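A.B. asks: Before anything else, here's the structure in question.
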Amino acid sequence: MDQQDTHGSTVEFRNVKRIFGNVRALDDFSLTINPGEMVTLLGPSGCGKTTALRILAGIDKDHEGTVTIDGKDMSGVAANQRNIGMVFQAYSLFPNMTAIENVAYGLRVRGVDATKRLAKAGELLELVGLSAQADRRSNQLSGGQQQRVALARALAIQPSVLLLDEPLSALDAKVRAQLRDEIRRIQSTIGISTLFVTHDQEEAMAISDRVGVMNKGILEQIDEPGKLYNKPKTTFVAGFIGLTNYVPAVAYSKSAVTVLGQQIDISDHSPAVAKGAEVTALIRPEEFQVERASEGATIITKSFLGPFTRLGIDVGMNDLVYAEVTSKEAKKFDTGDFVKLLVHADSVMIENV
899 MDQQDTHGST VEFRNVKRIF GNVRALDDFS LTINPGEMVT LLGPSGCGKT
949 TALRILAGID KDHEGTVTID GKDMSGVAAN QRNIGMVFQA YSLFPNMTAI
999 ENVAYGLRVR GVDATKRLAK AGELLELVGL SAQADRRSNQ LSGGQQQRVA
1049 LARALAIQPS VLLLDEPLSA LDAKVRAQLR DEIRRIQSTI GISTLFVTHD
1099 QEEAMAISDR VGVMNKGILE QIDEPGKLYN KPKTTFVAGF IGLTNYVPAV
1149 AYSKSAVTVL GQQIDISDHS PAVAKGAEVT ALIRPEEFQV ERASEGATII
1199 TKSFLGPFTR LGIDVGMNDL VYAEVTSKEA KKFDTGDFVK LLVHADSVMI
1249 ENV
């Protein structure tokens, strides 16, 4: 498919609010999607991510604030006039049509003649790797293939923006991983501005230019995946993204804490604390170095996870502390062993007890 067929648009949410009864689904939500960028909204159920997508699509209009595409206010624009392609969790293919007919449907509605629309649909089926299945009906396709057809159909109308609402959640893990990479490849090839909504952290982190973490209608942080993981700006983000240990600590000063007998700097995004205050340090499992010891902490669990192994360690808290080491290194540890934990982090985020 010719990359010139589509172009990336700028999408902007400005101070958008959406209230359902006493629930603020979106609370002063502002976000810019740059041309050709894939932005993912990530968060627990009810955080507002799907509400934002529905407002951009024009499905939900009962909101405050403005949404623009390439500077044009969408407030008075009907959903079917916004030039937006959408892919949902449900494939929503027409069962009485073949794959190529499904892809060409939007072009048929727009009055494109049969020769041109079938040619375009054929190009898109080739792009998603389904040329050989062009004449099969939806019930003859696997779930992953049906979702590829749905993606091709959404792209056939050459939309300004692509919206993906939990498009992979109905698929098994292996197919989901394969298809998410395909979606990223296709999105990058075409250069279309994309808003992706998911509750799957791995999915979001793997394919997005930026990820926005939402909590109770608020966009807590939006950043590149690596920055989001390594430099969370709120304790919610630190706790939501990846696995995080919550370890008791004491403020050594305004800029450092004592945790597991070590002094570690406090992250710039942490709340202010007074010396001597009891706080909680948030520490990633991979930030621990595990060393053998003659007494002290004890390995309670040992979970093999492929290239690394997760150790559950009793350090005298109510909950275990989890440390991750390479599986090669893990061979020297067994459950019941005494170990010492060293924190290898430039700084840790803290929260007040």
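Position one of the sequence shown corresponds to residue 899 (this note's numbering), numbered consecutively onward. In this text, a Cβ means the ideal position worked out from N, Cα and C, and glycines have one as well. Note that the structure is predicted; figures quoted are calculated from it, not measured.
1. With contact counted as at least three CB pairs below 8 Å, one residue from each stretch, are the segment 926-938 and the segment 1102-1112 in contact?
2. Indicate whether valine 1001 and leucine 1022 have their beta-carbon atoms separated by less than 8 Å.
3. When you compare only the Cα positions, how much space is there between arginine 1083 and glutamate 1118?
4. Quick check: threonine 949 and aspartate 958, are their CB atoms within less than 8 Å of each other?
5. If I follow the unbroken alpha helix (DSSP H) through valine 1007, where does it start and stop?
6. If you draw a straight line from the C-alpha of valine 1213 to the C-alpha of alanine 1179, how long is it?
7. Would you mind giving the Cβ-Cβ distance between valine 1223 and isoleucine 1211, rounded to the nearest angstrom? I have them listed as a contact below 8 Å.
8. Following the continuous alpha helix (DSSP H) through leucine 991, name the residue where it begins and the one where it ends.
9. Assuming contact is defined by CB atoms lying nearer than 8 Å, are valine 1188 and phenylalanine 1138 in contact in what I supplied?
10. Indicate whether valine 1148 and glutamate 1176 have their beta-carbon atoms separated by less than 8 Å.
11. How many Å lie between leucine 1239 and valine 1026 at the Cα?
12. Alpha carbon to alpha carbon, how far is isoleucine 1248 from glycine 1194?
13. Going along the chain, which unbroken runs of the alpha helix (DSSP H) with 4 or more residues stay wholly within the segment 1079-1156?
14. Would a C-beta distance cut-off of 8 Å place glycine 941 and asparagine 1113 closer than the cut-off?
15. If contact is defined by three or more beta carbon pairs under 8 Å, each pair taking one atom from either stretch, is the segment 1056-1073 in contact with the segment 981-997?
C.D. replies: The answer reads as follows:
1. yes
2. yes
3. 28 Å
4. yes
5. 997-1007
6. 14 Å
7. With 8 Å as the limit, valine 1223 and isoleucine 1211 do not qualify as a contact, their Cβ atoms being about 11 Å apart.
8. Looking at the DSSP string, leucine 991 is not in any alpha helix (DSSP H), and its letter there is neither H nor E.
9. no
10. yes
11. 48 Å
12. 24 Å
13. 1099-1105, 1123-1128 and 1133-1138
14. yes
15. yes
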